[in-house]
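Peer 1:
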Amino acid sequence: QVGRILFLPGDGIGAEVMTEVRRVIGWLARRGIEFAVEEDLVGGAAYDVHGVPLTDATMAKANEIGTVMFGAVGGPKYDDLPFALKPERGLLRLRKEMDLFANLRPAIVFPALAGASSLKPELVEGLDVMILRELTGGVYFGEPRGITELADGQKRAVDTQVYTTSEIERVARVGFELARKRRNKVHSVEKANVMHTGVLWRQTVQALRDRDYPDVELEHMYADNCAMQLVRRPKQFDVIVTDNLFGDLLSDCAAMLTGSLGMLPSASLGAADANGRRKAMYEPVHGSAPDIAGQGIANPIACLMSFAMLLRYSFDLGAEADRLEKAISNVLDQGYRTADIAQDGCTRVSTSGMGDAILKE
Ligand code: NAI
Ligand code: MG
3 QVGRILFLPG DGIGAEVMTE VRRVIGWLAR RGIEFAVEED LVGGAAYDVH GVPLTDATMA
63 KANEIGTVMF GAVGGPKYDD LPFALKPERG LLRLRKEMDL FANLRPAIVF PALAGASSLK
123 PELVEGLDVM ILRELTGGVY FGEPRGITEL ADGQKRAVDT QVYTTSEIER VARVGFELAR
183 KRRNKVHSVE KANVMHTGVL WRQTVQALRD RDYPDVELEH MYADNCAMQL VRRPKQFDVI
243 VTDNLFGDLL SDCAAMLTGS LGMLPSASLG AADANGRRKA MYEPVHGSAP DIAGQGIANP
303 IACLMSFAML LRYSFDLGAE ADRLEKAISN VLDQGYRTAD IAQDGCTRVS TSGMGDAILK
363 E
């Protein structure tokens with residue numbers, strides 16, 4: 003047995019696409035690669051049973067098992083709940099209490115889908131960029147923050163961008179490690195020209211590289227230029243390391259290069275323990291898609307690609323991850339498409355039909 007995984011399928015299509023991951027886990031088990039899978043409730047599904055989007059017991063289990071495969075949460079049924087009980091709070095609590103500070107969002111363009119990009123096919127064909135976003139610091143959390151009334155009746159809003167050396171270093175380290183297993187190039191992205199956090203970011207990343215990763219190529223780039231370069235010549239990038247705010251924007255930007263929300267995986271990693279093991283959560287970028295939930299037509303590829311990341315980053319099963327990704331790529335070459343990525347002349351398949359084709363391949 004290679005390890006334990008906590009399954010949190012959640013709501014809507016979250017549960018539907020996670021079923022296909024279960025089938026791949028079954029396929030691996032029959033070939034001697036066995037995971038112990040436990041399953042629990044999160045989001046609306048947890049609220050329905052327990053009255054909260056994530057129970058303390060589930061939170062403790064996630065921390066104990068350390069590796070979470072997450073589907074999606076939310077739905078119209080829960081839209082009017084008070085803030086603290088909203089399904090998304092379950093997800094945010096997991097990220098926070100597992101201290102998942104490194105958010106990996108790959109933007110990969112499969113050859114068969116290059117035509118679905120918002121850019122010209124030749125600009126994106128074969129694209130494989132990893133955006134690494136710092137997830138627990140920066141302006142979304144920095145103090146002071148808030149809105150105050152001024153004496154003259156105006157209001158004043160404050161958010162604070164804060165980073166410490168150690169916060170920058172730990173995420174940059176993940177970036178250099180990733181690059182070593184890829185094309186050995188890191189772009190560190192900030193605005194050192196106008197922000198002090200940018201200056202510290204640049205100095206810290208450069209010092210870490212010079213000290214521990216002299217073999218990795220490092221380039222610094224301003225965030226605005228990076229946004230431009232991503233739509234101008236995206237294939238110049240291998241790994242992009244950036245802060246919470248810039249990473250939020252740049253990862254959405256890179257996502258559109260790939261075409262469909264149903265294709266985008268993600269991973270969030272925490273600090274390595276003494277044995278080099280990191281707490282981690284893997285999830286598709288998309289939500290619970292209430293508009294198509296229950297119809298069996300959701301695209302399971304984002305979730306399966308997230309599982310491939312789990313194999314690679316949590317269990318060092320890189321060959322198995324490559325194999326799964328290759329099967330997905332081949333199935334797309336053969337013309338199999340769920341509704342969201344359908345093209346003329348393709349073979350339209352359901353969620354499980356896509357799972358069948360990938361397992362067969
Ligand atoms: P969404 O990602 O659920 O759906 C946006 C659009 O993309 C919909 O038309 C949907 O049908 C389509 N889509 C998404 N994933 C797909 C897939 N795998 N296959 C085929 N089509 C797919 O975002 P939306 O509609 O803004 O939010 C719906 C619910 O999901 C809300 O309650 C929202 O809060 C929640 N949500 C949860 C997230 C999470 O759990 N990480 C992330 C984003 C939204
Ligand atoms: Mg965003």
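Take 3 as the starting number for the sequence shown in the UniProt record's numbering and just add one per residue.
Glycine included, each C-beta is placed from N, C-alpha and C at the ideal position.
#1: Kindly confirm or deny that the stretch 267-284 and the stretch 115-124 touch, where touching means at least three C-beta pairs closer than 8 Å.
#2: So, are the CB atoms of VAL241 and MET356 less than 8 Å apart?
#3: The alpha helix (DSSP H) that contains MET265, what's its start and end?
#4: Could you check where the beta strand (DSSP E) with GLU219 kicks off and where it finishes?
#5: Can you find the residues in the same chain that come closer than 6 Å, C-beta to C-beta, to ASP101, ignoring five residues on each side of it along the sequence?
#6: By the 10 Å Cβ neighbour count, where 16 or more other Cβ atoms means buried, how is VAL160 classified, buried or exposed?
#7: What are the uninterrupted segments assigned as alpha helix (DSSP H) that are 4 or more residues long and contained completely in the stretch 21-69, given in chain order?
#8: Taking DSSP as the reference, what is the three-state secondary structure of LEU334?
#9: Just reading off the alpha helix (DSSP H) that MET100 is part of, what are its end residues?
#10: Cβ of ASN105 versus every heavy atom of the ligand NAI: is any distance shorter than 7 Å?
#11: Within 10 Å of its beta-carbon, does TRP29 have 16 or more other beta-carbons around it, so buried, or fewer, so exposed?
#12: Exposed or buried, ASP250, counting other C-beta atoms within 10 Å across all chains shown (16 or more means buried)?
#13: Quick one: is ASN301 buried, meaning 16 or more other Cβ sit within 10 Å of its Cβ, or exposed?
#14: Heavy atom of the ligand NAI less than 7 Å from the Cβ of ALA359, yes or no?
#15: Please go through the stretch 180-205 and give each complete beta strand (DSSP E) segment of 3 or more residues, from N-terminal end onward.
#16: If you reduce the DSSP assignment to three classes, tell me which class ASP161 lands in.
#17: For GLU192, is the classification buried or exposed, using 16 other Cβ atoms within 10 angstroms of its Cβ as the cut-off for buried?
#18: Would you kindly check if the distance between the Cβ of VAL201 and the Cβ of ARG211 is under 8 Å?
#19: The beta strand (DSSP E) with PHE309 in it runs from where to where?
#20: With three or more beta-carbon pairs closer than 8 Å as the criterion, would you say the stretch 80-100 touches the stretch 302-312?
#21: Taking 7 Å as the cut-off, is the CB of GLY267 close to at least one heavy atom of the ligand NAI?
#22: Take LEU306 and list the residues in its own chain whose beta-carbon comes closer than 7 Å to its own, dropping the five residues that flank it on each side.
#23: Within 10 angstroms of its Cβ, does LEU134 collect 16 or more other Cβ (buried), or is it exposed?
#24: Go ahead and pull the three-state DSSP assignment for LYS281.
#25: Does the distance between the C-beta of PRO84 and the nearest non-hydrogen atom of the ligand NAI fall short of 7 Å?
#26: Taking DSSP as the reference, what is the three-state secondary structure of GLU136?
#27: Which residues have their C-beta within less than 5 Å of a heavy atom of the ligand NAI, listed in chain order?
#28: Which residue marks the beginning of the alpha helix (DSSP H) containing GLU363, and which one marks its end?
#29: How is GLU127 classed by DSSP in three states: helix, strand or coil?
#30: Count the other CB atoms within 10 Å of the CB of THR353; is the residue buried (16 or more) or exposed (fewer)?
#31: Under a three-way DSSP split, which group does VAL141 fall into?
#32: When DSSP labels each residue in this structure, what does THR244 get in the three-state scheme?
Peer 2: Straight from the coordinates:
#1: no
#2: no
#3: Looking at the DSSP string, MET265 is not in any alpha helix (DSSP H), and its letter there is neither H nor E.
#4: Start and end: 219-224.
#5: GLY272
#6: VAL160 comes out exposed.
#7: 46-52 and 58-67
#8: helix
#9: For MET100, there is no enclosing alpha helix (DSSP H), as DSSP marks it with neither H nor E.
#10: A distance criterion of 7 Å places the beta-carbon of ASN105 beyond contact range of the ligand NAI, judged by its closest non-hydrogen atom.
#11: exposed
#12: That one is buried.
#13: buried
#14: no
#15: 187-192
#16: strand
#17: buried
#18: no
#19: Element bounds for PHE309: not the beta strand (DSSP E) but the alpha helix (DSSP H), 303-317.
#20: no
#21: Sequence inspection shows Pro at residue 267; the Gly mentioned does not correspond to that position. Checking the Cβ of PRO267 against the ligand NAI gives no.
#22: GLU22, VAL23, VAL26, LEU326, ILE330 and ILE360
#23: buried
#24: strand
#25: no
#26: GLU136 falls in the strand class under three-state DSSP.
#27: ALA74, VAL75, GLY76, LEU263, GLY264, HIS288, GLY289, SER290, ALA291, ASP293, ILE294, ALA300, ASN301 and ASP342
#28: Per DSSP, GLU363 belongs to no alpha helix (DSSP H) and is neither H nor E.
#29: coil
#30: buried
#31: helix
#32: strand
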